[in-house]
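This report concerns only the one structure given below.
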Amino acid sequence: MQWNSCSCPLTARPERIFKLIKGAREKLLNARLYAIIGHEFEQRHGKFEDIVGKLANGGVSVIQLREKRMAKSKLLDEAKRVGRACEAHGVIFIVNDYPDVAIQVGADGVHIGSEDMPINSVKKIVGNSAIIGFSATNIEEALEGEKNGADYLGVGAIFPTSTKRDAKMVSELMLQKIMRAVTIPVFALGGINVGNLARLIELGVQRVAISSALLYSDDIEKTARFFYKRLSGS
């Protein structure tokens, strides 16, 4: 991946990334449900402002904006809109892959993979107070992420997923080993839907990140609430 450095001075970070970060970290520790969204959500479910509100009402605590093939100017505009909506509803806002975008729009943090920019380099852009998410597919990556300062892990794909067709699969046993090996929050992800959620709960999973299950839902608030209630045991 080609990374672009932040065009704004590092001393000119938006206030929001500092003002709300304490609350965001506390919310992260208690989070059960994490939503990954992109422009296709607006095509199916209306404006981001409404989408974020419905997800928040359904129990989503963290929203990640993930766009792999979008011009930077368009991504910045989209990220600003999602960020404003997340702030209005008290939801943690994470930008996937682009720390420069995260800092320019005042996101709460950024999510990166094991093959992306090193966590230490990301921290030089977004600062030590920003939330850093890290993707892991095995114990070595998970421990490395935690050691280098990741605040949470995304582990998967647990099931085949249409969102990322080339995703490396992670076995149920590996997922359990990772959850036992680290002390930071672990969100299982990849192909998770209303039909296989119960199996994950049987394995001891307490947190999941979902995308397609929401995208193709007729009622995203109702679907989110289904996940939240079962993950929280309510």
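Residues in the sequence shown are numbered consecutively from 1, following the numbering used here. Where is the CB? At the ideal position from N, CA and C, for every residue including glycine.
(message) Can you give me the C-alpha to C-alpha distance between residue 205 and residue 188, rounded to a whole angstrom?
(response) Along the sequence shown, read from residue 1 onward, the residue named residue 205 stands at position 205. Along the sequence shown, read from residue 1 onward, the residue named residue 188 stands at position 188. Cα-Cα distance, rounded: 7 angstroms.
(request) Could you tell me which residues DSSP puts in a beta bridge with residue 127? (result) Indexing the sequence shown from 1 puts residue 127 at position 127. Residue 127 is bridged by DSSP to nothing; it lacks a bridge partner.
(message) If I measure Cβ to Cβ from residue 42 and keep anything under 8 angstroms in the same chain, skipping five residues before and after, which residues do I get?
(response) To locate residue 42, count along the sequence shown from 1; it is residue 42. Annotation for residue 42: 48, 51 place their beta carbon closer than 8 angstroms to its own, counting only its chain and skipping 5 residues before and after.
(message) Among the candidates 181, 185, 176, whose CA atom is the shortest distance from the CA of residue 133?
(response) As a first step, residue 133 must be located in the sequence shown, where it is residue number 133. That would be 185, whose Cα lies nearest to the Cα of residue 133.
(message) Just verifying my parser: in three-state terms, what is the DSSP assignment at residue 14?
(response) Stepping through the sequence shown from its first residue, residue 14 is reached at position 14. Here residue 14 scores only 46 on pLDDT, less than 50, and its place in the model is too uncertain to base an answer on.
(message) Tell me the rounded alpha-carbon separation between residue 107 and residue 152.
(response) Within the sequence shown, numbered from 1, the residue matching residue 107 stands at position 107. Within the sequence shown, numbered from 1, the residue matching residue 152 stands at position 152. If I take the Cα positions, the gap works out to 16 angstroms.
(message) Please return the same chain residues whose Cβ sits closer than 8 angstroms to the Cβ of residue 92, not counting the five positions on each side in sequence.
(response) Taking the first residue of the sequence shown as 1, we reach residue 92 at position 92. These residues qualify, in order along the chain: 24, 27, 28, 31, 61, 62, 63, 86, 108, 109, 131.
(message) My assumption, with CB atoms under 8 angstroms, is that residue 194 sits in contact with residue 213. Please give the rounded CB distance.
(response) Counting from one through the sequence shown, the residue named residue 194 turns up at place 194. Counting from one through the sequence shown, the residue named residue 213 turns up at place 213. At roughly 7 angstroms, the Cβ-Cβ gap stays under 8 angstroms, so residue 194 and residue 213 are in contact.
(request) Quick one: grab the DSSP three-state call for residue 208. (result) Translated into the one-based positions of the sequence shown, residue 208 becomes position 208. The DSSP-derived three-state label of residue 208 is strand.
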